[in-house]
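Engineer:
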Amino acid sequence: MLAWEADFGRTYVLGNPPDPYKEKLRAACEPMWYKLKARYLENPDMTGEELYDIACHEAEQEGWVWGANLAGQIIGDFPHERIPKDKVTLYIAKGNKQPMSSLGKDGFRRHWILEVHLHDPVRQIGGFFEQLLTVD
């Protein structure tokens, strides 16, 4: 039996009352995801590196730092904890020069998970939001 992860993630803020700054960070994640999806839909042939660069830029425009070395990955069976050099084309990350619209080795369309990683390095907190990018 193969183990597959869900790749659907959200950030929650706990506390009574919740910290307003943490709430602000949490509230920024989902709109950022939709902003990045809209940018992707403008050019589905962009490379993984191009979408990663857009994510970093959009985070900075909103006053955050992009908090990860990736912004997503294809759906599939491969390691998520690190990006092996020969597998960079499976990720929305620096070094992926392949169009995201390219077909997988099986000849089928690839489906992508888009991840948002917003970070505040001063407060040392971050927010996260991920879901399927390529299906409406």
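Oh and the sequence shown: position 4 is 3 in numbering that gives the first Met the number 0, straight run, nothing missing. Every residue, glycine too, gets a C-beta built ideally from N, C-alpha and C. Values in this document were obtained by computation on a predicted structure and should not be read as measured data.
#1: Taking 8 Å as the limit between beta carbons, can you name the residues of its chain near residue 32, skipping five residues before and five after?
#2: Looking only at its chain, what residues have a beta carbon closer than 8 Å to the beta carbon of residue 46, apart from the 5 residues adjacent to it on each side?
#3: Per DSSP, residue 130 is paired with what?
#4: I need the DSSP call for residue 18, collapsed to helix, strand or coil.
#5: When you compare each of 134, 125 and 117 to residue 59 by their alpha carbons, which one comes out closest?
#6: Going by Cα to Cα distance, which pick from 90, 16, 15 and 23 is closest to residue 124?
#7: In terms of DSSP beta bridges, what is residue 65 paired with?
#8: In the DSSP assignment, find the unbroken alpha helix (DSSP H) run with residue 47 in it and report its ends.
#9: Can you find the residues in the same chain that come closer than 6 Å, C-beta to C-beta, to residue 7, ignoring five residues on each side of it along the sequence?
#10: Cα separation between residue 17 and residue 71?
#11: Could you tell me whether any non-hydrogen atom of the ligand ADP is closer than 6 Å to the CB of residue 89?
#12: May I ask which residues mark the beginning and end of the beta strand (DSSP E) holding residue 73?
#13: Tell me whether residue 38 sits in a helix, a strand or coil according to DSSP, three-state version.
Structural biologist: The structure says:
#1: In the sequence shown, counting from the first residue as 1, residue 32 sits at position 33. Counting only residues of its own chain and dropping the five nearest sequence neighbours on each side, residue 32 has a CB closer than 8 Å to the CB of 113, 115, 128, 129 and 130.
#2: For this step, residue 46 is matched to residue 47 along the sequence shown. Its chain contains 95, 96, 97, 98 and 99 as the residues whose beta carbon lies nearer than 8 Å to that of residue 46, once the 5 sequence neighbours on both sides are disregarded; these appear in chain order.
#3: For this step, residue 130 is matched to residue 131 along the sequence shown. Looking at the DSSP output, residue 130 sits in a beta bridge with 113.
#4: Within the sequence shown, numbered from 1, the residue matching residue 18 stands at position 19. The answer is coil: DSSP assigns residue 18 none of H, G, I, E or B.
#5: In the sequence shown, the residue the question calls residue 59 occupies position 60. For the residues 134, 125 and 117, the minimum Cα distance to residue 59 belongs to 117.
#6: Residue numbering aside, residue 124 sits at position 125 when the sequence shown is read from its first letter. When C-alpha distances from residue 124 are compared across 90, 16, 15 and 23, the shortest belongs to 23.
#7: Residue numbering aside, residue 65 sits at position 66 when the sequence shown is read from its first letter. Beta-bridge pairing links residue 65 to 117.
#8: Numbered from 1 along the sequence shown, position 48 holds the residue referred to as residue 47. Residues 47-60.
#9: Residue 7 sits at position 8 when you count from the first residue of the sequence shown. Same-chain partners within the cutoff: 130.
#10: Translated into positions along the sequence shown, residue 17 becomes position 18. Translated into positions along the sequence shown, residue 71 becomes position 72. Taking the Cα positions, residue 17 is about 29 Å away from residue 71.
#11: The ligand ADP is absent from the structure shown, which contains no ligand whatsoever.
#12: Your numbering for residue 73 matches position 74 in the sequence shown. First-last of the beta strand (DSSP E) with residue 73: 71-73.
#13: Counting from 1 along the sequence shown, the entry for residue 38 is found at position 39. Three-state DSSP puts residue 38 in a helix.
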